[in-house]
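If you count the sequence shown from 1, position 273 lands on 273 in the UniProt record's numbering, and the numbers rise without skipping.
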Amino acid sequence: MRQTWAQGGAGWVEHETIFDAVFAPVTAAILERDAPAPGLRLLDVGCGSGTLLEAGARAGADVVGVDISPVMARAARARVPSATVLVADAQSADLLVEAPGEPFDRVVSRFGVMFFDEPAAAFANLRRCSAPGARLVFACWRGVAENPSFTAGTELLVARMDPRPEPPPPGAPGPMAFADGERLRGLLTAAGWGSVAVDPFDFTGVYGSGDSDGVAERMAVILSTSGGRLARAQLEPRLGEEGWASLLEEVRAEVRTHLVDGVVQLPGATWLVSATNS
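Here it is as structure tokens:
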């Protein structure tokens, strides 16, 4: 997983404005659940290029980010110069040693907690660095069937691959690791978190803005993911330049079927999770 994000982080950083726009409703929901405030110490797990760090710093919180990707950490530091940003595995790192200071009052994450090899150990480790009464708030994906953003356009690429990538088993580290909300609740409870709430949060991801219909933005997202990079590495040499270009035109045509009011829009289904270090 570390190597995957070391390689894939560059794509996320390159297209951070797209991801921030698409996931804006999720960001807002996390911040509304437990808003950062002056004097609080906030930890962003899987901080990426620093979206939640920026919001926390703007609210006057003392912000610390941790990400396994050096590329993402560099981007977060550049975006939020006041933040302390660690390149570390939040599952095992002693975060109060890595970022000395008081225990954290808020632990937040937007799609950053699903990749732990040992999620129970990770949530316990996050609790150990949290203050009594600290709040944990994060968003994670539900099932793939509820999230066409994981298949729209990409299915055409996967269908041409040989061999095709095998879907991960249920609960394996990856975007859908916590599709089972009751399993997630159990992991948090076993790690010592209390007042656990696992609530469905649905949103619409809008890929275009201004004069853009979002097709180019959606294509950029598809090709920057691990699946898109794998498809390109396998298919472009086999199909040749013209064949690969033709396949991408098919993908664009499929993406255009998701135009709503002239803009690519895809529904998203997540869990909005909160808990207390009680």
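Ideal Cβ placement from N, Cα and C applies to all residues, glycine included. Bear in mind that the values here come from a model prediction, so they are computed numbers and not experimental data.
* L184 to A120 span [Cα, whole Å] -> 9 Å
* Closest to A245 by CA distance: which of P173, H258 and A231 is it? -> A231
* Could you say which of A197, G214, G101 and P163 lies nearest to L259 if we only look at CA atoms? => G214
* **Buried versus exposed, by CB contacts within 10 Å (16 or more), V97** => exposed
* Asked: How is the alpha helix (DSSP H) around L223 delimited, first residue to last?
  -> V215 to S224
* Asked: Expressed to the nearest angstrom, what Euclidean distance is found between the alpha-carbon atoms of G228 and S278?
  -> 42 Å
* **For D20, three-class secondary structure by DSSP** => helix
* When you compare only the Cα positions, how much space is there between S189 and G205? -> Looking at the sequence itself, residue 189 is Thr, so the reference to Ser does not match. C-alpha separation (whole angstroms): 31 Å.
* To do: Please determine, among I222, A233, R79 and V45, the residue with the shortest C-alpha to C-alpha distance to C129.
  => V45
* Asked: Is there contact between the stretch 132-148 and the stretch 268-275, where contact requires at least three CB pairs shorter than 8 Å?
  -> yes
* With contact counted as at least three CB pairs below 8 Å, one residue from each stretch, are the stretch 38-58 and the stretch 75-86 in contact? -> yes
* **Nearest residue (CA-CA) to A88, options P165, G262, M72 and G101** => M72
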